[in-house]
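Visitor: So in our numbering the end of the sequence shown lands on 261, straight run, no missing numbers.
We put the beta carbon where it would ideally sit given N, CA and C, even for glycine.
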Amino acid sequence: MKIRKKVLTASLTAVMLLGSLSTTALIKQVEAATSTSEIIWGVNMRKAPSTSSSVIRMLKKGEDIVVLGQSGSYWLKVKDTNGKIGYVSSSSKYTKAISNNNSGDSSNNNSTSSNVEKVIAAGMDYLGTPYEYGSSRSNTKTFDCSDFIRQIFKDAFGITLPADSRAQGEYVKDKGNAKKDWTQLKRGDLMYFMSYKGTKASAYSNVNKSKAKITHTGIYLGNGKILHTYSKESGGVTTSKIDGTHWEKRFLYGGSAL
C-alpha cells in the first residue's frame, strides 16, 4: 500500500476514534502526503522529530524529497531519494515546495496540473525501489526504467502504457507534442534518451539523433531534474540533474503522455 494511502487511512481512523481532527486538517495532511519539495539549504534528516534525535544524514541543497506529513509545529516527515524516511525542520529556510509551472488558469490547465502531480506523487512513492533490468511487470519489488514509468501511470490513472521505453516513446510522439529541446519540457513530461557514450559532448556530436534508438526513459520534474531508475549502483528509483550531464547529451525528445 502506498504511503499516501496509509496516511489517509490513519487520519480517518483518528477521526473516528478520537474525533480530534478537523476536515480541513485532514485535507491538509493528505495533501502533504503527496507533495514534493526541494532542499534549498542543507538540513539534517533525523530519526525522530527532535533536535536530540540522531542524524540519518545531511540533505544537501538541490535534493528533492517527498513530504509525508507534518509532525507537530516544527517538523516535517519526509522521504529522501534513497527511500529513507526521517524528519526535518519545517522552517521555510530549508525546503521549497515544487509546483507545476504550466502557464494559464483555465479549468483545463488546472486539470492537467492536478493529473501531473498525481503521476509524480505516484513516482515519488517508489524512491529507493531497487533497479533490475527486465524487471517483472507483475510486481513492484524492482523496476527497470520503462517498468517504473508504466507502473506510476497505472497507479495514478489506471492507464497501461506500452511495456518498453521505445514503444512508450512512440506513444508520446503519436500525441504530436514531442520536443527535442529538454528545456522546453513541462513538469510531468516523459523523457527519452539514447545509449550512453561517455560524458563528453564530442562523443555525441556525430550521432543522428533522429535515428538513434531509445534506451532509457524517465519523467521530468521541472527545475532541471528527472525522476527515473537506471542502475543498481545509483540506488534504484532516484532523481538526477540533467543540465551539463550525460543525460542532457543523450536526450532525444520528450512530451506528455496525458
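By the 10 Å Cβ neighbour count, where 16 or more other Cβ atoms means buried, how is residue 181 classified, buried or exposed?
Guide: Translated into the one-based positions of the sequence shown, residue 181 becomes position 178. Residue 181 should be labelled buried.
Visitor: Note the first and the last residue of the continuous beta strand (DSSP E) segment covering residue 1.
Guide: Nothing can be reported for residue 1: it is not among the residues displayed for the chain, which extend from 4 to 261.
Visitor: What does the alpha-carbon distance come out to for the pair residue 167 and residue 178?
Guide: As a first step, residue 167 is located in the sequence shown; it is residue number 164 there, counting from the start. As a first step, residue 178 is located in the sequence shown; it is residue number 175 there, counting from the start. Spanning the two alpha carbons is a distance of roughly 17 angstroms.
Visitor: Where does residue 107 sit, in a helix, a strand or coil, going by DSSP?
Guide: Position 104 of the sequence shown, counted from the first residue, corresponds to residue 107. Any answer about residue 107 is weak, because its pLDDT of 42 lies below 50 and its placement is not dependable; what the coordinates show is given next. It is coil, neither helix nor strand.
Visitor: Looking only at C-alpha atoms, which of 189, 260, 184 and 259 sits nearest to residue 250?
Guide: For this step, residue 250 is matched to residue 247 along the sequence shown. Out of 189, 260, 184 and 259, 184 has the C-alpha closest to the C-alpha of residue 250.
Visitor: Span of the beta strand (DSSP E) holding residue 67?
Guide: Here residue 67 refers to the residue found at position 64 of the sequence shown. First-last of the beta strand (DSSP E) with residue 67: 67–74.
Visitor: Where does residue 40 fall in DSSP's three states?
Guide: The count along the sequence shown starts at 1 and reaches residue 40 at position 37. Strand.
Visitor: Taking all protein chains shown into account, decide if residue 126 is buried (16 or more other Cβ within 10 angstroms of its Cβ) or exposed.
Guide: Looking up residue 126 in the sequence shown gives position 123. Result: buried.
Visitor: Do residue 39 and residue 146 count as a contact pair if the criterion is CB distance below 9 angstroms?
Guide: The residue labelled residue 146 in the question sits at position 143 within the sequence shown. The residue labelled residue 39 in the question sits at position 36 within the sequence shown. It is not a contact, given that the beta carbons lie outside the stated cut-off.
Visitor: Quick check: the Cα distance between residue 110 and residue 162, rounded to an integer number of angstroms?
Guide: Counting from 1 along the sequence shown, the entry for residue 110 is found at position 107. Counting from 1 along the sequence shown, the entry for residue 162 is found at position 159. Bear in mind that the predicted position of residue 110 carries a pLDDT of just 43, short of 50, making it unreliable; the figure below should be weighed with that in mind. Taking the straight line from one Cα to the other gives about 22 angstroms.
Visitor: Alpha carbon to alpha carbon, how far is residue 253 from residue 204? Give it in angstroms, no decimals.
Guide: The residue labelled residue 204 in the question sits at position 201 within the sequence shown. The residue labelled residue 253 in the question sits at position 250 within the sequence shown. Roughly 9 angstroms separates the two Cα atoms.
Visitor: Are the beta-carbon atoms of residue 229 and residue 243 separated by less than 9 angstroms?
Guide: The residue labelled residue 229 in the question sits at position 226 within the sequence shown. The residue labelled residue 243 in the question sits at position 240 within the sequence shown. Cβ atoms of residue 229 and residue 243: closer than 9 angstroms.
Visitor: Can you find the residues in the same chain that come closer than 6 angstroms, C-beta to C-beta, to residue 68, ignoring five residues on each side of it along the sequence?
Guide: Within the sequence shown, residue 68 is the residue found at index 65, counting from 1. The answer, listed in chain order, is 40, 81 and 83.
Visitor: Pick helix, strand or coil for residue 47, following the three-state DSSP scheme.
Guide: As a working mapping, residue 47 is identified with position 44 in the sequence shown. In this structure, residue 47 counts as strand in the three-state DSSP scheme.
Visitor: Of the residues 260, 42, 196 and 43, which one's Cα is nearest the Cα of residue 153?
Guide: The sequence position of residue 153 within the sequence shown is 150, counting from 1. Nearest of 260, 42, 196 and 43 to residue 153, Cα basis: 260.
Visitor: I'd like the list of long-range same chain contacts for residue 245, defined as Cβ closer than 7 angstroms, with 5 residues on each side in sequence excluded.
Guide: Locating residue 245 in the sequence shown gives position 242, where the first residue counts as 1. Excluding residues within five positions, the ones whose Cβ falls inside 7 angstroms are 185, 227, 228, 229 and 251.
Visitor: Is residue 195 near residue 225, with beta carbons less than 9 angstroms apart?
Guide: Here the question's residue 195 lines up with position 192 in the sequence shown. Here the question's residue 225 lines up with position 222 in the sequence shown. No.
Visitor: Comparing C-alpha positions only, which one of 131, 155 and 92 sits nearest to residue 140?
Guide: Position 137 of the sequence shown, counting from 1, holds the residue named residue 140. Closest by alpha carbon: 155.
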